[in-house]
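> Quick one: the structure is below, questions incoming.
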Amino acid sequence: MRDGQDLMREIVALVAKDLTLLLRDRGGFFFTFIFPLVFAVFFGTIFSGSGAESRKLPIAVVDEDSSADSRAVIAQLDTVAEFDTQGMSRGAAVEAVRLGRRVAYVAFPKGFGEARRRMFYGRGPEIELGFDPSRKAEAGMIQGLLARHLSAQVGQLLSNRSSLRSWIHETEVSVDSSATGGGRRGALRRFLGELDRFTGEVADSTPGAAGDGGGWQPVSFKNVDVARVRSGPRNAYQVSFPQGIVWGIFSCAFGFGLSLVHERTRGTLVRLRIAPISRGKILAAKATACLVAIVGIATLLLSFGALVFGVRATSPALLAIAVLSAAIAFVGLMMLFSVLGKTEATVSGLGRAAMLLMSMAGGGMVPLFLMPHWMQTVGSFTPVRWTILALEGAIWRDFTLSQMALPCGILLAIGVGTFAAGLKVFRWTEG
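Here is the structure:
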């Protein structure tokens with residue numbers, strides 16, 4: 535019993551020593567505790583305004599009419615610089631808007647082409663515009679752009695003699711076959727005949743004569759509300775704080791790895807071995823101190839994020855599992871860092887290079903969901919990617935326990951494997 539108490543007392547004393555050294559190092563304290571916070575706030579502020587700066591509006595296009603007119607209008611929409619169009623079925627388009635993959639859908643119902651030929655009489659063409667009610671500004675922009683380009687098409691039609699005469703003849707056929715009353719039909723035929731005669735007497739308009747339709751609109755819009763399913767991060771800080779936590783964890787593990795190299799090269803470990811303290815106790819104390827510091831950093835950042843920026847976990851229990859798994863992984867990396875070279879300069883250079891490369895590939899600098907697919911594949915080989923995925927899974931991805939098992943299991947395997955590898959080749963002296 536006494537031996538157990540002495541063992542715990544010695545380990546606690548060594549843990550206190552390592553934590554005290556960490557707090558006394560002002561530079562190390564800054565990069566371990568303050569810099570990750572600055573990083574999280576800075577990039578969160580940048581990303582919070584990035585959604586409003588997209589250049590193109592992604593819209594789904596539904597062609598239920600499949601007429602020459604609807605195809606011509608869709609072809610015109612494909613050339614509009616402000617639109618990113620994609621043809622879909624109605625069900626797929628509604629689902630794309632509901633899931634937020636498309637801002638809106640534009641549907642050309644059956645009969646659109648026929649209605650467009652009688653735009654000056656009867657019921658004109660109608661376009662269905664489906665959008666999320668919370669994105670009325672984008673929907674209004676889409677409707678305005680559609681009206682502008684359709685009006686320009688009509689202006690081009692009326693300014694081109696051959697196109698106009700062709701439209702007049704098609705309209706005459708439509709009037710004859712319609713249910714329009716005899717008096718109105720006769721008046722329309724007389725008007726169209728005079729318009730055809732007048733058109734034949736004048737030359738085509740010069741380029742640029744086509745207007746934008748003025749106040750008249752060649753098409754009406756039927757707006758349909760599509761309730762969007764809210765998914766993804768609720769604010770930019772839910773993305774940036776997991777990144778900041780990774781940087782803090784990395785800095786902490788890197789600092790403890792350097793301290794182990796320092797103690798080895800300065801002979802501190804040899805002097806500790808002379809004392810009645812075994813090698814296992816020394817390394818256990820170092821690993822425990824690193825683990826406590828990592829958990830403390832993550833707790834500090836998460837608490838600050840929750841209080842100030844609303845970064846709250848959907849499952850605190852899963853968040854605790856994620857933090858502990860990440861801490862174990864980076865404790866193992868700490869041990870591996872300490873054997874990357876014989877001198878502090880070598881370990882420092884290699885460690886910083888590894889930290890930057892793993893952060894860039896694993897999502898520590900650019901959010902995972904914004905990275906190209908090949909980059910996400912490369913990032914799968916870094917502990918940074920799995921740490922961020924585990925933290926995001928507990929904060930905004932709504933992971934279940936089974937879904938959390940994969941990233942946390944990989945982190946635990948990394949921790950055990952790297953710690954064992956580092957321990958095997960550890961050198962107690964410079965030689």
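One point on numbering: in the numbering used here, the residue at position 51 of the sequence shown is 585, and numbering is uninterrupted. From the three backbone atoms N, C-alpha and C, an ideal C-beta is built for every residue, glycine too.
Grab me the residues of residue 621's own chain with a C-beta within less than 6 Å of its C-beta, minus the 5 sequence neighbours each way, in chain order.
Once the five neighbours on either side are set aside, the close Cβ partners of residue 621 are 595.
> In its own chain, which residues sit with a C-beta less than 6 Å from the C-beta of residue 822, not counting the 5 before and 5 after it?
Around residue 822: 549.
> Tell me the rounded alpha-carbon separation between residue 740 and residue 624.
Model confidence at residue 740 stands at a pLDDT of 43, short of 50, so the residue's coordinates are unreliable and nothing is read from them.
> Counting along the chain, where does the beta strand (DSSP E) carrying residue 759 start and finish?
Counting along the chain, the beta strand (DSSP E) containing residue 759 begins and ends at 754-759.
> What does a CB cutoff of less than 6 Å around residue 749 pick up in its chain, not counting 5 residues either side in sequence?
Because the pLDDT of residue 749 is 47, which lies under 50, any placement of that residue in the model is unreliable, and the number read from its coordinates should be weighed accordingly. Cβ within range, chain order: n/a, list empty.
> Run through the segment 831-918 for me and flag every whole alpha helix (DSSP H) of 4 or more residues, listed as ranges in chain order.
Qualifying alpha helix (DSSP H) stretches, in chain order: 850-871, 878-896 and 907-913.
> If I follow the unbroken beta strand (DSSP E) through residue 780, where does it start and stop?
Premise fails: residue 780 lies in the alpha helix (DSSP H), 771-799, not in any beta strand (DSSP E).
> With DSSP collapsed to three states, give me the class of residue 615.
Looking at residue 615 - three-state DSSP - the assignment turns out to be coil, as it is neither helix nor strand.
> By a C-beta neighbour count over all protein chains shown, 10 Å radius and 16 as the cutoff for buried, is residue 586 buried or exposed?
Confidence is the limiting factor: at residue 586 the pLDDT is only 44, short of 50, which leaves the residue's position unreliable and the question unanswerable from this model.
> With distances taken between CB atoms, is the gap from residue 684 to residue 753 smaller than 9 Å?
Closer than 9 Å, so yes.
> Check whether the Cβ atoms of residue 766 and residue 866 sit closer than 9 Å, and answer yes or no.
No; because the gap between Cβ atoms is not below 9 Å, this pair is not in contact.
> With DSSP collapsed to three states, give me the class of residue 960.
Coil, per DSSP.
> Does the segment 823-842 come within contact of the segment 911-924, defined as at least 3 CB pairs closer than 8 Å?
No contact exists between the segment 823-842 and the segment 911-924.
> What does DSSP give as the partner residue(s) for residue 620 in the beta ladder?
DSSP output for residue 620 lists 594 as bridge partner(s).
> Out of 663, 829 and 859, which has the shortest C-alpha to C-alpha gap to residue 939?
The shortest C-alpha separation from residue 939 is found at 859.
> Taking the straight line between their C-alpha atoms, what separation do you get for residue 844 and residue 913?
Cα to Cα, residue 844 sits roughly 28 Å from residue 913.
> Have a look at residue 610 and residue 906 and give me their C-alpha separation to the nearest angstrom.
Their Cα atoms are separated by approximately 30 Å.
> Using the C-alpha atoms, what's the distance from residue 904 back to residue 953?
Each residue's Cα considered, the two are about 32 Å apart.
> Grab the span of the beta strand (DSSP E) containing residue 518 for me, first residue to last.
In the structure as shown, the chain starts at 535 and stops at 965, and residue 518 therefore has no counterpart that could be examined.
> Would you grab the beta carbon distance between residue 929 and residue 853 for me? Rounded to a whole angstrom, and I think it's under 8 Å.
Between residue 853 and residue 929 the Cβ distance is about 7 Å, and since that is below 8 Å, they are a contact.
> When the Cα atoms are used, what is the spatial distance from residue 970 to residue 899?
The structure shown does not extend to residue 970, since the chain is modelled only from 535 to 965, so the question has no answer here.
> With DSSP as the reference, label residue 646 as helix, strand or coil.
Note: residue 646 maps to helix in three-state DSSP.
> Report the rounded CA-to-CA distance for residue 557 versus residue 934, giving the unit in angstroms.
Distance between the alpha carbons of residue 557 and residue 934: 37 Å.
> Sort out for me which residues DSSP pairs residue 660 with in a bridge.
Answer by DSSP bridge pairing, in chain order: 754.
> Which residue marks the beginning of the alpha helix (DSSP H) containing residue 802, and which one marks its end?
Here the alpha helix (DSSP H) through residue 802 covers 802-808.
> Kindly indicate which residue of 640, 613, 863 and 602 has the alpha-carbon position closest to the one of residue 949.
Here the closest residue by C-alpha is 863.
> Who does residue 665 pair with in a DSSP beta bridge?
Answer by DSSP bridge pairing, in chain order: 638 and 759.
> With DSSP as the reference, label residue 767 as helix, strand or coil.
Residue 767 falls in the coil class under three-state DSSP.
> Buried or exposed, going by whether 16 or more other CB atoms sit within 10 Å of the CB of residue 551?
Exposed.
> Out of 776, 641, 600 and 628, which one is the CA nearest neighbour of residue 648?
The shortest C-alpha separation from residue 648 is found at 600.
> Just verifying my parser: in three-state terms, what is the DSSP assignment at residue 920?
It is helical.
> With a CB to CB cut of under 8 Å and the five nearest residues on each side skipped, what residues in its chain are close to residue 958?
So no residue of the chain qualifies.
> Beta-carbon separation of residue 645 and residue 758 under 9 Å?
In this structure, residue 758 does not lie closer than 9 Å to residue 645 by Cβ.
> Compare the C-alpha of residue 819 against each of 540, 537 and 544 and name the closest.
Residue 544 is the option with its Cα nearest to residue 819.
> Can you look up residue 566 in the DSSP assignment and give me helix, strand or coil?
Looking at residue 566 - three-state DSSP - the assignment turns out to be helix.
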